[in-house]
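Chemist: Quick note, my numbering runs 35 ahead of the 1-based positions in the sequence shown.
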Amino acid sequence: MSELHVVTGAFGFTGKHVARRLLDAGISVRTLTGHPDRSSDVRNAIEVRPLQFTDIRRLASDLEGARVLYNTYWVRFAHGRTTYDSAVANSLAFIRAAQEAGVERIVHVSITSPDEKSPLGYFRGKAGVERAIRESSLSHAILRPAVLFGDEGILINNIAWLLRRFPLFVVPRSGEYRLQPIFVEDLAELMVAQGKRDDNSTTDAIGPETFTFNELVTLVGRIVKSRARVVHLPPTLALRLSQIIGVMRRDVILTREEVDGLLADLLVTESAPTGGTKLSEWMTAHRESLGRRYQSELARHF
Ligand SMILES: NC(=O)c1ccc[n+]([C@@H]2O[C@H](COP(=O)([O-])OP(=O)(O)OC[C@H]3O[C@@H](n4cnc5c(N)ncnc54)[C@H](OP(=O)(O)O)[C@@H]3O)[C@@H](O)[C@H]2O)c1
Numbered sequence: 036m037s038e039l040h041v042v043t044g045a046f047g048f049t050g051k052h053v054a055r056r057l058l059d060a061g062i063s064v065r066t067l068t069g070h071p072d073r074s075s076d077v078r079n080a081i082e083v084r085p086l087q088f089t090d091i092r093r094l095a096s097d098l099e100g101a102r103v104l105y106n107t108y109w110v111r112f113a114h115g116r117t118t119y120d121s122a123v124a125n126s127l128a129f130i131r132a133a134q135e136a137g138v139e140r141i142v143h144v145s146i147t148s149p150d151e152k153s154p155l156g157y158f159r160g161k162a163g164v165e166r167a168i169r170e171s172s173l174s175h176a177i178l179r180p181a182v183l184f185g186d187e188g189i190l191i192n193n194i195a196w197l198l199r200r201f202p203l204f205v206v207p208r209s210g211e212y213r214l215q216p217i218f219v220e221d222l223a224e225l226m227v228a229q230g231k232r233d234d235n236s237t238t239d240a241i242g243p244e245t246f247t248f249n250e251l252v253t254l255v256g257r258i259v260k261s262r263a264r265v266v267h268l269p270p271t272l273a274l275r276l277s278q279i280i281g282v283m284r285r286d287v288i289l290t291r292e293e294v295d296g297l298l299a300d301l302l303v304t305e306s307a308p309t310g311g312t313k314l315s316e317w318m319t320a321h322r323e324s325l326g327r328r329y330q331s332e333l334a335r336h337f
């Protein structure tokens, strides 16, 4: 019988590519997902169980038999009863359940520049989860991406959507802060490669190109032939404007935390690239579809 690995969110963005690669390698895949009924081209090839954190015994039994857990679980922003604190508590429960279930290894997706002292809940929460993993008995690989791109990606697609539709594109403050996007399939590749190892590691997962936010917006605008004028505004005003469009789309387009993370240059590292795909080339190849449809975080996850 082939080895079993568990992947969170195999009908979602990163998890889908991890599951596909594992199946191609002859590994049996079980997914834990908040959307067990979502359609997917991998759904008939894998075992599906609901991702829940209220019954920890059941969570452990859902992990039983697996050697490796690929954990992408996190929340992008607080909404309703979901908070970063609840995401941390759920993640810690997950790590405990994995140990109880006898899982040997966790391949965990974090974020660049996590920091337990950060005023930003996203970066602080991710750092707390990283520590819990290091203090656990699991062998671990922690991968830290800055921003992901690919089919169904949200951030880059929605920048393109805004640039296609509106006469103005608002950039918070100078736009000179930087980011290092990685292709979602390159991240999945790294994750699966790490699943085969048994040493402990923490690695920045970043692509080969570094952009300032201004450069990124200019490039996306050129690729989708946008005529929007780029204006720089104080972050609070930029966020207000994004909230107005967010109400129209029934989504949260941008959060204060995301702006503050960008302004603090938390999405850029000194590390060598770990992914090979260039965002500039990927966007050029996908110029027709990029930003045609808005991708909603709320519709996807809440
Ligand atoms: N996307 C980026 O640009 C980016 C940048 C840096 C770091 N990361 C990190 O990379 C990892 C994968 O990101 P992704 O964009 O590929 O995530 P994703 O597939 O959209 O979601 C990953 C998992 O988290 C669950 N999840 C997401 N939001 C949730 C919510 N509000 N409530 C409950 N469960 C939720 C998903 O549930 P379902 O199974 O129900 O879909 C899925 O199992 C995450 O840990 C993220 O923090 C992402």
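From the three backbone atoms N, C-alpha and C, an ideal C-beta is built for every residue, glycine too.
Going by Cα to Cα distance, which pick from L314, H267 and T117 is closest to L203?
Modeler: Of the candidates L314, H267 and T117, the one whose C-alpha sits nearest the C-alpha of L203 is H267.
Chemist: Sort out for me which residues DSSP pairs L183 with in a bridge.
Modeler: L183 pairs with I217.
Chemist: Suppose contacts are defined by Cβ-Cβ distances below 8 angstroms. Is S189 in contact with E332 by that definition?
Modeler: The residue you asked about is not Ser; residue 189 is Ile in the sequence shown. Against a cut-off of 8 angstroms, the Cβ pair of E332 and I189 comes out as a contact.
Chemist: When every heavy atom of ligand 1 is checked, does at least one fall within less than 7 angstroms of the C-beta of I146?
Modeler: It does: the Cβ of I146 is within 7 angstroms (strictly closer) of some heavy atom of ligand 1.
Chemist: Mind reading off the beta-carbon distance from R65 to E82? Whole number of angstroms is fine, and I expect it under 8 angstroms.
Modeler: Yes, R65 and E82 are in contact; Cβ-Cβ is about 4 angstroms, under 8 angstroms.
Chemist: Can you check which of these residues, H114, L289, E135 and H70, is closest to D97 by C-alpha distance?
Modeler: Closest option to D97, Cα to Cα, is E135.
Chemist: Is the beta carbon of V227 less than 8 angstroms from the beta carbon of V41?
Modeler: No.
Chemist: Is DSSP giving E170 helix, strand or coil here?
Modeler: Of the three classes helix, strand and coil, the one that applies to E170 here is helix, per DSSP.
Chemist: Would DSSP call A307 helix, strand or coil?
Modeler: In the structure shown, A307 sits in coil (DSSP, three-state: anything other than H, G, I, E or B).
Chemist: Can you grab the Cα-Cα spacing for the pair R275 / T290, in whole Å?
Modeler: Rounded to whole angstroms, R275 to T290 spans 10 angstroms at the Cα level.
Chemist: Select from D76, L214, V287 and L314 the residue whose C-alpha is nearest the C-alpha of L35.
Modeler: In this structure the chain extends from 36 to 337, so residue 35 is not present and cannot be described.
Chemist: Between A338 and ligand 1, is there a pair consisting of the residue's CB and a ligand heavy atom that are separated by less than 7 angstroms?
Modeler: There is simply no residue 338 to check, as the chain begins at 36 and stops at 337 in what is shown.
Chemist: Counting Cβ pairs, one atom from each stretch, are 3 or more of them under 8 angstroms apart for the region 251-259 and the region 193-200?
Modeler: A contact exists between the region 251-259 and the region 193-200.
Chemist: How is L67 classed by DSSP in three states: helix, strand or coil?
Modeler: Here L67 sits in strand by DSSP.
Chemist: For E139, which residues of its own chain have a beta-carbon under 8 angstroms away from its beta-carbon, when the five flanking residues on both sides are left out?
Modeler: Answer for E139: R102, V103, L173, S174 and D233, listed in chain order.
Chemist: Taking 6 angstroms as the limit between beta carbons, can you name the residues of its chain near V144, skipping five residues before and five after?
Modeler: Same-chain partners within the cutoff: T107 and L178.
Chemist: Who are I141's beta bridge partners in DSSP?
Modeler: In DSSP, I141 forms a bridge with L104 and H175.
Chemist: Spatial neighbours of S261 within its chain, please: CB distance less than 7 angstroms, with the 5 preceding and 5 following residues excluded, ordered by chain position.
Modeler: Taken in chain order, the residues that qualify are L198 and R199.
Chemist: Considering only DSSP beta bridges, list what V77 is partnered with.
Modeler: The partner list for V77 (beta bridge, DSSP) is empty, contrary to what the question assumes.
Chemist: Which same chain residues, not among the five before or five after R285, have their C-beta less than 8 angstroms away from its C-beta?
Modeler: Hits under 8 angstroms: S331, L333 and A334.
Chemist: Confirm the yes/no value for this check: CB of L272, any heavy atom of ligand 1, distance under 7 angstroms.
Modeler: The answer is no for L272.
Chemist: Is it buried or exposed for M318, if we count other Cβ within 10 angstroms and need 16 for buried?
Modeler: Classification for M318: buried.
Chemist: From E323 to S121, what does the alpha carbon distance come to, in whole angstroms?
Modeler: Those two C-alpha atoms are separated by around 39 angstroms.
Chemist: Go through its chain and collect everything with a Cβ distance to G47's Cβ below 6 angstroms, but skip five positions before and after it.
Modeler: Counting only Cβ-Cβ distances below 6 angstroms, and skipping sequence neighbours, we find nothing.
Chemist: Quick one: grab the DSSP three-state call for L289.
Modeler: L289 falls in the coil class under three-state DSSP.
Chemist: Going by CA-CA distance only, name the one from E187, T117 and A167 that's closest to L325.
Modeler: When only C-alpha atoms are compared, the closest one is E187.
Chemist: Along the chain, where does the alpha helix (DSSP H) that runs through A132 open and close?
Modeler: Unbroken alpha helix (DSSP H) run through A132: Y119 to A136.
Chemist: State yes or no: is the C-beta of R56 nearer than 7 angstroms to some heavy atom of ligand 1?
Modeler: False, no ligand heavy atom lies under 7 angstroms from that Cβ.
Chemist: Give a single yes or no on whether H336 has its beta carbon closer than 7 angstroms to a heavy atom of ligand 1.
Modeler: Result yes, Cβ under 7 angstroms from ligand 1.
Chemist: If you drop the 5 nearest sequence neighbours on each side, which residues of the same chain put their C-beta closer than 8 angstroms to that of E151?
Modeler: Counting only Cβ-Cβ distances below 8 angstroms, and skipping sequence neighbours, we find R159, A162, G163 and R166.
Chemist: Under three-state DSSP, which class holds S37?
Modeler: Coil, per DSSP.
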